[in-house]
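**Student:** One structure, pasted below without further comment.
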Amino acid sequence: MAEMEKRGIERHLGHKMKGFEANKVKTEGGEFAADLILFMPGMTGNSWFDNSELPRSAGGLVQADKHCKVAGLDKVYVAGDSGSFPGPDWMPKQAHMADLQAEAAAKNLLAEIKGKPADHTFKVELICIVDSNEKGMLIKRTETGSTLLPNCRAFHWAKRGFEKVYLRKYR
Ligand SMILES: Cc1cc2nc3c(=O)[nH]c(=O)nc-3n(C[C@H](O)[C@H](O)[C@H](O)COP(=O)(O)OP(=O)(O)OC[C@H]3O[C@@H](n4cnc5c(N)ncnc54)[C@H](O)[C@@H]3O)c2cc1C
105 MAEMEKRGIE
115 RHLGHKMKGF
125 EANKVKTEGG
135 EFAADLILFM
145 PGMTGNSWFD
155 NSELPRSAGG
165 LVQADKHCKV
175 AGLDKVYVAG
185 DSGSFPGPDW
195 MPKQAHMADL
205 QAEAAAKNLL
215 AEIKGKPADH
225 TFKVELICIV
235 DSNEKGMLIK
245 RTETGSTLLP
255 NCRAFHWAKR
265 GFEKVYLRKY
275 R
């Protein structure tokens, strides 16, 4: 909020959307003019989920438990954006979260195949650098607390460096 304030960005928060016009956004809390509208809808499951037997959350995602196991199905696991997992309401849909869940899911699937206890869980962690091309701000939240480190050039370069290292193993 403070960073938006500094840049003269007005916020219009906490009101449900009613609709758009070419140059106007309409919400239950009023409307405002816009030159450009970027809309990001809430996430839901893939349309093919509808034709499957996968159990679904209220939001249409694949319902899983804390071991990433899909409820009621044998040797079926889900990780990442497609799944709905138990956890705090701030648990992010983030690549980092998807990584942590994928690791737990893979370990549990292998354990289940080998007839061993499939009891690996994943840490709930929001961590990101909000990059503004020249500078970046680090935000971290875990179940024990949160950290916000101010916008500086070092975080922009740290994000670029992380990207290189992360992608190298796949390339
Ligand atoms: C604009 C934007 C910016 C983001 N920035 C960040 C960030 O800075 N940091 C961060 O941590 N997260 C970020 N995220 C979130 C992050 O991208 C996702 O949380 C992450 O990619 C989820 O990984 P996933 O493997 O679950 O799903 P995905 O990465 O979406 O992978 C799913 C894959 O399945 C494929 N697929 C779909 N249907 C089928 C099918 N029927 N058959 C075969 N393949 C199929 C898709 O093509 C896709 O490749 C961002 C997301 C967006 C949209």
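Numbered per the working numbering, the sequence shown finishes at 275, counting up by one with no gaps. Just so you know, even glycine gets a beta-carbon here, dropped at the ideal spot from N, CA and C.
Would you list, in sequence order, the uninterrupted alpha helix (DSSP H) runs of no fewer than 4 residues that lie entirely inside the segment 183-227?
**Tutor:** Counting only runs of 4 or more, we get 199-217.
**Student:** Report all residues for which the CB-ligand distance to some heavy atom of ligand 1 is below 7 angstroms; order them along the chain.
**Tutor:** Taking each Cβ in turn, the ones that pass are Asn150, Trp152, Ala183, Gly184, Asp185, Ser186, Lys197, Gln198, Ala199, His200, Met201, Ala202, Cys232.
**Student:** Using only CA atoms, which one of Gly123, Lys122, Ala138 lies nearest to isoleucine 113?
**Tutor:** The count along the sequence shown starts at 1 and reaches residue 113 at position 9. Selected option, being the one with the closest Cα: Ala138.
**Student:** Say whether the segment 247-265 touches the segment 213-224, bearing in mind that this needs 3 or more beta-carbon pairs closer than 8 angstroms, one atom from each stretch.
**Tutor:** Short answer: they don't touch.
**Student:** Excluding sequence positions up to five away, which residues of its chain have a Cβ less than 6 angstroms from the Cβ of glycine 191?
**Tutor:** Within the sequence shown, numbered from 1, the residue matching residue 191 stands at position 87. Excluding residues within five positions, the ones whose Cβ falls inside 6 angstroms are Val228.
**Student:** Is it buried or exposed for alanine 222, if we count other Cβ within 10 angstroms and need 16 for buried?
**Tutor:** For the purposes of this step, residue 222 is taken as residue 118 along the sequence shown, with counting starting at 1. With 16 or more Cβ atoms within 10 Å of its Cβ, alanine 222 is classed as buried.
**Student:** Measure the alpha-carbon distance for methionine 105 versus lysine 120 and round it to whole angstroms.
**Tutor:** Your numbering for residue 105 matches position 1 in the sequence shown. Your numbering for residue 120 matches position 16 in the sequence shown. Going from the Cα of methionine 105 to the Cα of lysine 120 covers about 19 angstroms.
**Student:** Mind the definition here: the segment 128-135 touches the segment 173-188 only if three or more C-beta pairs lie below 8 angstroms; say whether that holds.
**Tutor:** Result no; under three Cβ-Cβ pairs closer than 8 angstroms.
**Student:** Between which two residues does the beta strand (DSSP E) harbouring arginine 245 extend?
**Tutor:** In the sequence shown, counting from the first residue as 1, residue 245 sits at position 141. It spans 240-246 - the beta strand (DSSP E) in which arginine 245 sits, taken as one unbroken run.
**Student:** Report buried or exposed for lysine 220, applying the criterion of at least 16 other Cβ atoms within 10 angstroms of its Cβ.
**Tutor:** The residue given as residue 220 occupies position 116 in the sequence shown. Exposed, since its Cβ has fewer than 16 Cβ neighbours within 10 Å.
**Student:** DSSP three-state call for alanine 106: helix, strand or coil?
**Tutor:** Translated into the one-based positions of the sequence shown, residue 106 becomes position 2. Alanine 106: helix per DSSP, three-state reduction.
**Student:** Between Gly265, Gly118, Ala168, Ile231, which has its C-alpha nearest alanine 199's C-alpha?
**Tutor:** Along the sequence shown, one-based indexing puts residue 199 at 95. Minimum Cα distance to alanine 199 is reached at Ile231.
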